[in-house]
Amino acid sequence: MKNYSNYSDKETLLEFFIDNGCMRQANDDYYGAVFCFTKALEVSSNSAEAYLRRGIVRGILKDFTGAINDFSKAIVLKPEYSDAYFNRGLLWHRSEITTNALEDFLKVTEIDPGYSGVYIFIGDIFWKLKEYANAVKYYSFALEYEPTNMSAYYKRAHAKRVLMDYDGALEDFNRFIMLNPNVGQISLTKAIRKLFKKEINEARFNFSSLN
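Throughout the sequence shown, residue numbering follows my numbering, covering 104 to 314 in sequence.
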(Lines of atoms letter the chains of each structure in order from A and count residues from 1; the text may use other names and numbers.)
(Lines give C-alpha, C1' and ligand atoms only; values in the text may rest on other atoms or scores of the structure.)
Protein backbone atom coordinates (compact mmCIF):
# COMPACT_ATOMS: atom_id res chain seq x y z
CA MET A 1 0.00 0.00 0.00
CA LYS A 2 1.16 3.50 -0.79
CA ASN A 3 2.11 5.90 1.99
CA TYR A 4 -1.10 7.70 2.83
CA SER A 5 0.42 10.20 5.27
CA ASN A 6 0.59 12.78 2.49
CA TYR A 7 -3.18 12.79 2.01
CA SER A 8 -4.43 15.82 3.91
CA ASP A 9 -7.88 15.99 2.34
CA LYS A 10 -10.38 13.76 4.19
CA GLU A 11 -12.41 12.92 1.10
CA THR A 12 -9.31 11.98 -0.88
CA LEU A 13 -8.04 9.79 1.96
CA LEU A 14 -11.41 8.07 2.22
CA GLU A 15 -11.34 7.36 -1.51
CA PHE A 16 -7.76 6.09 -1.19
CA PHE A 17 -8.68 3.47 1.42
CA ILE A 18 -11.83 2.37 -0.41
CA ASP A 19 -9.94 2.00 -3.70
CA ASN A 20 -7.20 0.00 -1.99
CA GLY A 21 -9.77 -2.17 -0.26
CA CYS A 22 -11.44 -2.92 -3.59
CA MET A 23 -8.06 -3.77 -5.13
CA ARG A 24 -7.21 -6.14 -2.29
CA GLN A 25 -10.62 -7.77 -2.54
CA ALA A 26 -10.14 -8.27 -6.29
CA ASN A 27 -6.82 -10.00 -5.50
CA ASP A 28 -8.49 -12.26 -2.91
CA ASP A 29 -6.71 -10.49 -0.04
CA TYR A 30 -9.87 -10.34 2.03
CA TYR A 31 -8.29 -9.57 5.38
CA GLY A 32 -6.34 -6.76 3.76
CA ALA A 33 -9.58 -5.49 2.24
CA VAL A 34 -11.29 -5.48 5.65
CA PHE A 35 -8.32 -3.53 7.03
CA CYS A 36 -8.61 -0.91 4.29
CA PHE A 37 -12.36 -0.49 4.61
CA THR A 38 -11.97 -0.21 8.39
CA LYS A 39 -9.36 2.52 7.87
CA ALA A 40 -11.81 4.25 5.54
CA LEU A 41 -14.38 4.23 8.34
CA GLU A 42 -11.83 5.70 10.72
CA VAL A 43 -11.51 8.57 8.27
CA SER A 44 -15.29 8.91 7.88
CA SER A 45 -17.66 6.93 10.08
CA ASN A 46 -20.52 8.17 7.88
CA SER A 47 -19.40 6.34 4.74
CA ALA A 48 -22.24 4.01 3.77
CA GLU A 49 -20.11 2.69 0.91
CA ALA A 50 -17.29 1.65 3.24
CA TYR A 51 -19.75 -0.22 5.48
CA LEU A 52 -21.28 -1.93 2.45
CA ARG A 53 -17.93 -3.00 1.03
CA ARG A 54 -16.61 -4.22 4.36
CA GLY A 55 -19.85 -6.13 4.88
CA ILE A 56 -19.47 -7.89 1.53
CA VAL A 57 -15.92 -8.99 2.38
CA ARG A 58 -16.91 -10.05 5.88
CA GLY A 59 -19.60 -12.18 4.27
CA ILE A 60 -16.97 -13.83 2.08
CA LEU A 61 -14.97 -14.53 5.25
CA LYS A 62 -18.12 -16.05 6.81
CA ASP A 63 -18.27 -13.36 9.49
CA PHE A 64 -22.02 -13.19 9.06
CA THR A 65 -22.70 -11.21 12.23
CA GLY A 66 -20.13 -8.59 11.29
CA ALA A 67 -21.45 -8.44 7.74
CA ILE A 68 -25.09 -8.04 8.84
CA ASN A 69 -24.05 -5.26 11.21
CA ASP A 70 -22.17 -3.47 8.44
CA PHE A 71 -25.07 -3.69 5.99
CA SER A 72 -27.44 -2.46 8.69
CA LYS A 73 -25.20 0.53 9.43
CA ALA A 74 -25.03 1.33 5.73
CA ILE A 75 -28.83 1.32 5.61
CA VAL A 76 -29.08 3.63 8.63
CA LEU A 77 -26.74 6.07 6.89
CA LYS A 78 -28.42 5.69 3.50
CA PRO A 79 -32.00 4.41 3.90
CA GLU A 80 -32.55 3.92 0.16
CA TYR A 81 -29.35 1.90 -0.34
CA SER A 82 -30.61 -0.97 -2.48
CA ASP A 83 -27.20 -2.69 -2.62
CA ALA A 84 -27.08 -2.85 1.18
CA TYR A 85 -30.59 -4.32 1.40
CA PHE A 86 -29.76 -6.84 -1.34
CA ASN A 87 -26.53 -8.03 0.25
CA ARG A 88 -28.09 -8.23 3.70
CA GLY A 89 -30.95 -10.18 2.16
CA LEU A 90 -28.47 -12.62 0.64
CA LEU A 91 -26.95 -13.31 4.04
CA TRP A 92 -30.36 -13.81 5.63
CA HIS A 93 -31.23 -16.13 2.75
CA ARG A 94 -28.05 -18.18 3.14
CA SER A 95 -28.67 -18.36 6.89
CA GLU A 96 -32.24 -19.57 6.17
CA ILE A 97 -33.78 -16.62 8.00
CA THR A 98 -36.50 -16.46 5.40
CA THR A 99 -38.71 -13.69 6.74
CA ASN A 100 -35.84 -11.21 7.00
CA ALA A 101 -34.51 -12.17 3.58
CA LEU A 102 -37.88 -11.68 1.92
CA GLU A 103 -38.37 -8.33 3.63
CA ASP A 104 -34.99 -7.05 2.43
CA PHE A 105 -35.42 -8.36 -1.12
CA LEU A 106 -38.87 -6.80 -1.43
CA LYS A 107 -37.43 -3.52 -0.16
CA VAL A 108 -34.91 -3.65 -2.99
CA THR A 109 -37.73 -3.89 -5.55
CA GLU A 110 -39.49 -0.98 -3.86
CA ILE A 111 -36.39 1.22 -4.05
CA ASP A 112 -35.23 0.08 -7.46
CA PRO A 113 -37.68 -2.01 -9.53
CA GLY A 114 -34.97 -2.48 -12.15
CA TYR A 115 -32.67 -4.34 -9.74
CA SER A 116 -32.90 -7.45 -11.88
CA GLY A 117 -30.85 -9.88 -9.78
CA VAL A 118 -33.20 -9.80 -6.82
CA TYR A 119 -36.31 -11.31 -8.41
CA ILE A 120 -35.08 -14.88 -8.74
CA PHE A 121 -34.18 -14.93 -5.04
CA ILE A 122 -37.68 -13.77 -4.14
CA GLY A 123 -39.03 -16.55 -6.34
CA ASP A 124 -36.82 -19.05 -4.52
CA ILE A 125 -38.16 -17.91 -1.14
CA PHE A 126 -41.77 -18.25 -2.26
CA TRP A 127 -40.94 -21.72 -3.65
CA LYS A 128 -39.54 -22.68 -0.27
CA LEU A 129 -42.68 -21.32 1.41
CA LYS A 130 -44.76 -23.40 -1.04
CA GLU A 131 -46.36 -20.23 -2.39
CA TYR A 132 -46.00 -21.44 -5.95
CA ALA A 133 -48.10 -18.77 -7.66
CA ASN A 134 -45.91 -16.08 -6.13
CA ALA A 135 -42.83 -18.05 -7.13
CA VAL A 136 -44.03 -18.04 -10.76
CA LYS A 137 -44.76 -14.31 -10.49
CA TYR A 138 -41.24 -13.40 -9.39
CA TYR A 139 -39.47 -15.81 -11.73
CA SER A 140 -41.48 -14.09 -14.47
CA PHE A 141 -40.25 -10.70 -13.26
CA ALA A 142 -36.70 -12.05 -13.39
CA LEU A 143 -37.25 -13.07 -17.01
CA GLU A 144 -38.63 -9.66 -17.94
CA TYR A 145 -35.26 -8.18 -17.05
CA GLU A 146 -33.13 -11.17 -18.08
CA PRO A 147 -34.90 -13.01 -20.93
CA THR A 148 -32.08 -15.55 -21.27
CA ASN A 149 -31.91 -16.51 -17.58
CA MET A 150 -31.87 -20.31 -17.83
CA SER A 151 -32.27 -20.81 -14.10
CA ALA A 152 -35.43 -18.71 -14.01
CA TYR A 153 -37.01 -20.77 -16.80
CA TYR A 154 -36.08 -24.02 -15.08
CA LYS A 155 -37.38 -22.94 -11.68
CA ARG A 156 -40.55 -21.42 -13.10
CA ALA A 157 -41.21 -24.68 -14.94
CA HIS A 158 -41.16 -26.61 -11.67
CA ALA A 159 -43.48 -24.11 -10.00
CA LYS A 160 -45.89 -24.24 -12.94
CA ARG A 161 -45.89 -28.03 -12.79
CA VAL A 162 -46.91 -27.95 -9.12
CA LEU A 163 -49.71 -25.56 -10.10
CA MET A 164 -50.72 -28.07 -12.82
CA ASP A 165 -49.94 -25.59 -15.59
CA TYR A 166 -48.40 -28.40 -17.61
CA ASP A 167 -48.30 -26.61 -20.95
CA GLY A 168 -46.57 -23.65 -19.34
CA ALA A 169 -44.13 -25.93 -17.55
CA LEU A 170 -43.20 -27.75 -20.75
CA GLU A 171 -42.78 -24.47 -22.59
CA ASP A 172 -40.36 -23.26 -19.93
CA PHE A 173 -38.42 -26.54 -19.99
CA ASN A 174 -38.13 -26.22 -23.77
CA ARG A 175 -36.77 -22.70 -23.43
CA PHE A 176 -34.29 -23.93 -20.86
CA ILE A 177 -33.11 -26.60 -23.30
CA MET A 178 -32.73 -24.10 -26.15
CA LEU A 179 -30.73 -21.71 -23.96
CA ASN A 180 -28.47 -24.42 -22.57
CA PRO A 181 -26.43 -26.00 -25.36
CA ASN A 182 -24.22 -27.78 -22.82
CA VAL A 183 -27.10 -29.98 -21.73
CA GLY A 184 -27.83 -32.91 -23.98
CA GLN A 185 -31.37 -32.48 -25.25
CA ILE A 186 -32.07 -36.21 -25.40
CA SER A 187 -30.99 -36.88 -21.82
CA LEU A 188 -32.80 -33.81 -20.50
CA THR A 189 -35.95 -34.73 -22.40
CA LYS A 190 -35.84 -38.16 -20.77
CA ALA A 191 -35.45 -36.52 -17.37
CA ILE A 192 -38.44 -34.27 -18.02
CA ARG A 193 -40.49 -37.26 -19.20
CA LYS A 194 -39.65 -39.00 -15.93
CA LEU A 195 -40.63 -35.91 -13.97
CA PHE A 196 -43.99 -35.78 -15.72
CA LYS A 197 -44.54 -39.55 -15.71
CA LYS A 198 -47.70 -39.42 -13.61
CA GLU A 199 -49.27 -36.69 -15.71
CA ILE A 200 -48.36 -38.47 -18.95
CA ASN A 201 -49.89 -41.74 -17.76
CA GLU A 202 -53.05 -39.91 -16.80
CA ALA A 203 -53.09 -38.24 -20.22
CA ARG A 204 -53.46 -34.79 -18.73
CA PHE A 205 -51.67 -33.15 -21.64
CA ASN A 206 -49.96 -33.82 -24.96
CA PHE A 207 -46.22 -34.35 -24.55
CA SER A 208 -45.45 -34.07 -28.27
CA SER A 209 -43.69 -30.71 -27.85
CA LEU A 210 -40.63 -32.48 -26.48
CA ASN A 211 -40.46 -35.19 -29.13
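Glycine is no exception: its CB is placed at the ideal position from the N, C-alpha and C atoms. As the structure is a prediction and not an experimental result, all values here were calculated from the model.
(message) Among Ala187, Asp275, Leu246 and Gly217, whose alpha-carbon lies nearest the alpha-carbon of glutamate 82?
(response) Shown here, the chain extends from 104 to 314; a query on residue 82 therefore has no answer.
Exercise for review: Grab me the residues of serine 150's own chain with a C-beta within less than 7 Å of its C-beta, minus the 5 sequence neighbours each way, in chain order.
Suggested key: Hits under 7 Å: Leu117, Ala143 and Leu144.
Open item on the list: Suppose contacts are defined by Cβ-Cβ distances below 8 Å. Is leucine 273 in contact with tyrosine 256 by that definition?
Closed with: The answer is no: Cβ separation not under 8 Å.
* To do: Label valine 179 either buried or exposed according to how many other C-beta atoms from any shown protein chain fall within 10 Å of its C-beta, with 16 as the threshold for buried.
  => Valine 179 comes out exposed.
Give the single residue among Ser219, His196, Gly217 and Ile214 whose Cα lies nearest to the Cα of phenylalanine 229.
Ranking Ser219, His196, Gly217 and Ile214 by Cα distance to phenylalanine 229 puts His196 first.
Which residue wins for smallest C-alpha separation from glycine 192, given the options Tyr133, Leu164, Leu205 and Lys181? Considering only alpha carbons, the answer is Leu205.
What separation, rounded to the nearest whole angstrom, lies between the Cα atoms of leucine 155 and serine 219? Using only the alpha carbons, I get a separation of about 19 Å.
| What's the C-alpha gap between aspartate 166 and tyrosine 242? | Cα-Cα distance, rounded: 30 Å.
Excluding sequence positions up to five away, which residues of its chain have a Cβ less than 7 Å from the Cβ of isoleucine 171? So the list reads Arg191 and Leu194, once near-sequence residues are dropped.
* Taking the C-alpha atoms as reference points, what is the distance between arginine 127 and leucine 164? -> In a straight line, the C-alpha of arginine 127 is about 14 Å away from that of leucine 164.
field: Length of the line joining the Cα atoms of aspartate 275 and arginine 259
entry: Whole-angstrom Cα-Cα distance: 7 Å.
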